[in-house]
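If you're matching positions, the sequence shown starts at 164 in the numbering used here and goes up one per residue. A short worksheet on the structure shown next.
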Amino acid sequence: MKPNLRQKFIIGNWKMHTTAAEAGQLAKAIVDGVGIEDRVSVAVCPPFPYLALVGKILPGSRVALGAQNLYPEKEGAFTGEVSPTMLLDLGCKHVILGHSERRHKLGETDAFINKKVRIAFAAGLEVIFCVGETLEQRQASQTEAVLDRQIVQGLAGVPADALPHLIIAYEPVWAIGSTGHHATPQQVQDAHALIRRRFGQMFGKELAQSLVILYGGSVKPDNAGSLLRCDGVDGALIGGASLKADQFIAIVEAGTSAWHTEEESASEPTHNPELEPKQS
Ligand code: PGA
164 MKPNLRQKFI IGNWKMHTTA AEAGQLAKAI VDGVGIEDRV SVAVCPPFPY LALVGKILPG
224 SRVALGAQNL YPEKEGAFTG EVSPTMLLDL GCKHVILGHS ERRHKLGETD AFINKKVRIA
284 FAAGLEVIFC VGETLEQRQA SQTEAVLDRQ IVQGLAGVPA DALPHLIIAY EPVWAIGSTG
344 HHATPQQVQD AHALIRRRFG QMFGKELAQS LVILYGGSVK PDNAGSLLRC DGVDGALIGG
404 ASLKADQFIA IVEAGTSAWH TEEESASEPT HNPELEPKQS
């Protein structure tokens, strides 16, 4: 296996969907459907009220539990908020932070997200840190500047030993949900390269090489294969399609076959003209 062949991740973000009964059924169907192939790491992030319920269904399967948010304090008078320790208590491994819906609909700033990122790592959670530009920002050629700012400010002060527990999700706001806009594989590949380069400038080439970067934004079974085979795309963060077990499982399968394709091309001998017999 190529030493820098990265693990793929398929993560479901259920957002503010499902009833308790639906959450239980969805979790069971995913556990039964994902099989035992472990080339792809799988996680689901249900709404807070169903974390405990879903957390009882997942043990023994290869599906991990994640949360969609946290409040950056250990405990205290923060009515309605949920601490990192509570998430760990419920068996969460991952937490999604910096999602564009929280940035744009709930007014979270880069500084506040940074506080969440640092406290999540300090508690021992794995962070899925989301970045992405709006349509207006892309049309005004600000994509690079926006991603740059979100990465630099969102990851400021994160200790080096936490970085292997970081996953970045590139989620262009204009491609999330039913906007009718879709990012092309080239746009996705370019943004991922930019994120990896910027991360490398901050934390070094070696960590950048092993950084897992997911794509999110209308990933469905019919486009998952082409997106997951893009250079530098290590998986997907799925909204809508994660609410249908068959669709989510089909995307996990697309991730598995993308991983195998990468492994095959990594093990093909590389052409070295110096080793070719000389023409006389
Ligand atoms: P979508 O959501 O797959 O429904 O576009 C992705 C996300 O917001 O994480």
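Don't be surprised by glycine CBs; every beta carbon is placed ideally from N, CA and C.
Of the heavy atoms belonging to the ligand PGA, none sits nearer than 7 Å to the Cβ of GLY254.
Take the alpha-carbon of VAL203 and the one of LEU329: they are about 16 Å apart. Of the candidates LEU391, LEU216, PHE411, HIS257, the residue whose Cα lies closest to the Cα of LEU377 is LEU391. Out of SER381, VAL207, GLY261, LEU214, the CA that lies nearest to the CA of SER341 is found in SER381. About 6 Å separates the beta carbon of ASP273 from that of GLN313, a gap short enough to meet the 8 Å contact definition. For VAL309, the three-state secondary structure derived from DSSP is helix. Here GLY402 is buried. Its C-beta has 16 or more other C-beta atoms within 10 Å. Of the other Cβ atoms in all chains shown, fewer than 16 fall within 10 Å of the Cβ of LYS219; this residue is therefore exposed.
With a minimum length of 3 residues, the unbroken runs of beta strand (DSSP E) contained wholly in the segment 172-229 fall at 203-208. The three-state reading of DSSP puts GLY367 in coil, since its state is none of H, G, I, E or B. One Cα belongs to GLY254, the other to ALA303, and the distance between them is close to 42 Å. Contact between VAL280 and LEU318 holds, since their C-beta atoms are separated by about 7 Å, short of 8 Å.
In this structure, GLU289 lies away from HIS262, with their beta-carbon atoms at least 8 Å apart. The segment 245-299 contains, as complete alpha helix (DSSP H) runs of 4+ residues, the segments 247-252, 263-267, 273-286 (chain order). Taking all protein chains shown into account, THR181 has 16 or more neighbouring C-beta atoms within 10 Å of its C-beta and is therefore buried.
Assigned with DSSP and collapsed to three states, VAL336 falls in helix. With respect to VAL205, VAL197 sits close: the two C-beta atoms are nearer than 8 Å.
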